[in-house]
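For the sequence shown, the working numbering gives the first residue as -4, with consecutive numbering after it. Note that CB positions come from ideal geometry on N, CA and C, so glycine has one too. What you are looking at is a predicted structure, and each value in this text was computed from that prediction instead of being measured. Working notes, beginning with the structure itself.
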Amino acid sequence: MKKYGLPIMIMVIIVLLFLLVDWISSIRVGSYNVEEANRNIMIDLEPKNVPLNREGKSQPDTESNRIVYLTFDDGPSPVSNDILDTLKTFDAKATFFMLDPAMRVNPDVVKRTVMEGHAVGLHGVTHDKNKFYQSELAALSEMKTAQETLLRITGVTTHLIRTPYGSVPYLTESFRDVLNHNGFRLWDWNVDSSDWNLMEDEYVQQVISQIEELDKYGITPIILMHDQDGTAHHLSTLLAYLKEHGYKTGVIDEHMESYSFNCYDRCYPVDEE
């Protein structure tokens, strides 16, 4: 027994060493997988587009060419003129996602928006989640109605859309398929100003904080704002910050790859809420 004791002990030690190395490797792999998953989540949250010019060619987002997309929902309204005046002062451009009834009431504002070189998109008709998301046909009908109204007022046809309250959680895959099949380009945002909920100029700092966070990852900001008095009143403060930090404003167009929220497991029919 003593004759085989030492070799057996050596073999046991070798086996234990192999097991230990394998265990350490599994820990490292597990850590990598967690980090990789987190990285993939961040990538998925990034805008899938890069800034494009009118010919559809990419423009690198460098320090001297930093692009930001200003977007305004729920207009037009008389306040839109104040927004347009401020944009003109700063030689800035924006994209306006417009509601059909508001376009009918304020056709001159719609015309001015187009004439001054801003982009126009569609925001539907009712802005009522229970009506818009009632069915795929209801959503499509609202966008087509708004599209026809814009065409009648300006002669411009757009396929840019933003659905009420954004595409999550009510815009399920079947809705997305129908809208995409009909040529519409869905746009959400990655900077939420919360201007509808914050007091006066608080939304400006909210936007700046998010822009600075996105800048760490080289992500192009797409800012959600609303056509309302408080937003218009403090817009110059935001535009002054953007100018000071080397940002140029761009308009969203149909040559760009659209950016929208991914459903993952978050989307569901509105009647299941």
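Going by the C-beta, is residue i closer than 8 angstroms to any heavy atom of the ligand ADP?
i, result
"Ser204", "Summarising the ligand content, the structure contains no ligands, and the ligand ADP is consequently not present."
My output table needs one value for residue i: the three-state DSSP class, helix, strand or coil.
i, result
"Ile62", "strand"
"Val186", "strand"
"Ala89", "coil"
"Thr81", "helix"
"Asp224", "helix"
"Arg180", "strand"
"Leu174", "helix"
"Ile203", "helix"
"Leu237", "helix"
"Asp196", "coil"
"Leu209", "helix"
"Thr215", "coil"
Give the straight-line distance between the Cα atoms of residue i and residue j, rounded to the nearest whole angstrom.
i, j, result
"Leu145", "Asp183", "20 angstroms"
"Ala114", "Tyr263", "31 angstroms"
"Ile217", "Phe92", "13 angstroms"
"Leu181", "Val246", "15 angstroms"
"Lys124", "His229", "29 angstroms"
"Ala141", "Glu267", "27 angstroms"
"Arg147", "Lys211", "43 angstroms"
"Thr108", "Val120", "19 angstroms"
Taking the beta carbon of residue i as the centre, do at least 16 other beta carbons fall within 10 Å, making it buried, or is it exposed?
i, result
"Asp190", "buried"
"Thr84", "exposed"
"Ala235", "exposed"
"Gln205", "buried"
"Leu65", "buried"
"Leu82", "buried"
"Pro73", "exposed"
"Asn101", "buried"
Measure the beta-carbon distance from residue i to residue j and round it to whole angstroms, keeping in mind my assumption that it falls under 8 angstroms.
i, j, result
"Val186", "Leu233", "The pair is not a contact, with the Cβ atoms about 11 angstroms apart (cut-off 8 angstroms)."
"Glu131", "Val163", "Rounded, the Cβ-Cβ distance is 16 angstroms, inconsistent with contact."
"Asp69", "His221", "5 angstroms"
**Report entry** Unbroken stretches of the alpha helix (DSSP H), 4 residues or longer, contained in the stretch 92 to 150
**Finding:** 95 to 100, 102 to 110, 124 to 127, 131 to 149
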